[in-house]
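Enquirer: Heads up, the sequence shown is in UniProt numbering, so the first residue is 1 and it goes up one at a time. The beta carbon of each residue, even a glycine, is placed where N, CA and C say it ideally should be. Just so you know, these numbers come straight off a predicted model, no measurement behind them.
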Amino acid sequence: MSDLVLDHLVYAGPDLEEAVARVAELTGVTPVRGGRHVGFGTANYLADLGAGAYLEVVGPDPDQPEHVGPRPFGIDELTAPALITWAARVEGIDEAIAEARERGYDPGEASEMSRTTDDGELLTWRLTGAGDLGGLAPFLIDWGSTPHPTTRGLPSIPLLMVTGVHPEPAAVESAVRALGMDMLVRRDTEPGLVAVLTNSAGKQVALS
C-alpha cells in the first residue's frame with residue numbers, strides 16, 4: 001500500500017465563526033480563511049499542524065444561504081463545535097482503497113470535491129466518504145496536482161498527538177491498521193477524537 005500520513009483534522013460546527021473563535025480561544029492562534037465549498041453549503045478556515053498536516057475548521061457558509069440538502073460531515077446535526085474526524089493523505093487513492101479492502105476494511109468509493117479560494121482559485125481533490133466508526137477511521141484524500149494547503153503559509157498550531165475513544169476500540173484499531181496507519185484508542189461509551197496541541201504560550205491543550 002502507498003504510504004498514508006495524517007493530512008488534516010476536521011473540526012466542525014453549526015456556526016463557522018463560533019468554531020473559529022473556539023479554536024482561537026483555546027490555542028491563541030486564529031485559523032485563516034480557506035475558501036468556499038460551492039454547492040456543498042460550507043466554508044472553512046485553516047491552520048498548520050506541522051509535518052505536512054493541517055487543521056480544517058468547517059461550518060455552514062454564510063455566503064450560501066440558499067443551500068438545499070445535507071452539508072458534509074453531518075454539520076446540520078451538530079449542536080456545538082467538535083473534532084469529528086480526520087483524513088489520511090495518499091497518492092493513488094484507487095489503489096489505496098483496493099488494498100484496504102483486501103485487508104478487511106472498506107473506506108468507500110472516491111469522489112471529486114473542490115473549493116474556491118477567496119481570490120478565485122479553484123482547488124480540486126479526490127476523497128472517500130466521511131470517516132467511519134464515529135469518525136475515528138479516517139477518510140482518504142488524494143490532492144493530485146493541486147498544491148497542498150500547508151504550502152500557503154498558514155498560522156501554526158503544532159500538533160503533538162491524536163488519540164481516540166470508542167465503545168469498540170479494537171474495531172477502530174483494526175480499520176486504521178488496514179489503512180497502514182495506527183492510533184491509540186481507549187474504550188469509552190461514546191466515540192470521539194482528541195488532538196493534543198501546543199498553544200501560543202507553549203502549553204499543551206486538548207481539542208476535542
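Taking Cβ positions, are Val57 and Val29 nearer each other than 8 Å?
Expert: no
Enquirer: Which stretch, first to last residue, makes up the alpha helix (DSSP H) that contains Val20?
Expert: Leu16 to Thr27
Enquirer: Would you check if the region 192 to 202 and the region 63 to 73 touch, i.e. whether three or more CB-CB distances between them fall below 8 Å?
Expert: no
Enquirer: Determine, using beta carbons only, whether Thr132 and Ala110 come nearer to each other than 8 Å.
Expert: The residue you asked about is not Thr; residue 132 is Asp in the sequence shown. Contact flag unset, no.
Enquirer: Could you tell me whether the Cβ atoms of Pro60 and Pro14 are closer together than 8 Å?
Expert: yes
Enquirer: Terminal residues of the continuous beta strand (DSSP E) containing Glu56?
Expert: Ala53 to Pro60
Enquirer: Name the DSSP bridge partner or partners of Ala195?
Expert: Val162 and Leu207
Enquirer: Could you spell out where the beta strand (DSSP E) holding Arg186 opens and where it closes?
Expert: Val185 to Arg187
Enquirer: Which residues in the same chain as Leu6 place their Cβ atom closer than 6 Å to its Cβ, once the five residues preceding and following it in sequence are excluded?
Expert: Ala53
Enquirer: Under a Cβ-count criterion, where at least 16 other Cβ atoms within 10 Å of its own Cβ denotes burial, should Pro169 be classed as buried or exposed?
Expert: buried
Enquirer: Please classify Ser174: does DSSP put it in a helix, a strand, or coil?
Expert: helix
Enquirer: To which residues does DSSP link Tyr45 through a beta bridge?
Expert: Arg33 and Val57
Enquirer: Just verifying my parser: in three-state terms, what is the DSSP assignment at Ala80?
Expert: Coil.
Enquirer: Just to confirm before moving on: does the CB-CB distance between Gly35 and Arg115 stay below 8 Å?
Expert: yes
Enquirer: Just checking my contact of Leu159 with Gln204 at CB under 8 Å: how many whole Å lie between their CB atoms?
Expert: Wrong, their Cβ atoms sit about 11 Å apart, outside the cutoff.
Enquirer: Is Asp142 helix, strand or coil by DSSP?
Expert: Assigned with DSSP and collapsed to three states, Asp142 falls in strand.
Enquirer: According to the Cβ coordinates, are Val172 and Ala137 closer than 8 Å?
Expert: yes
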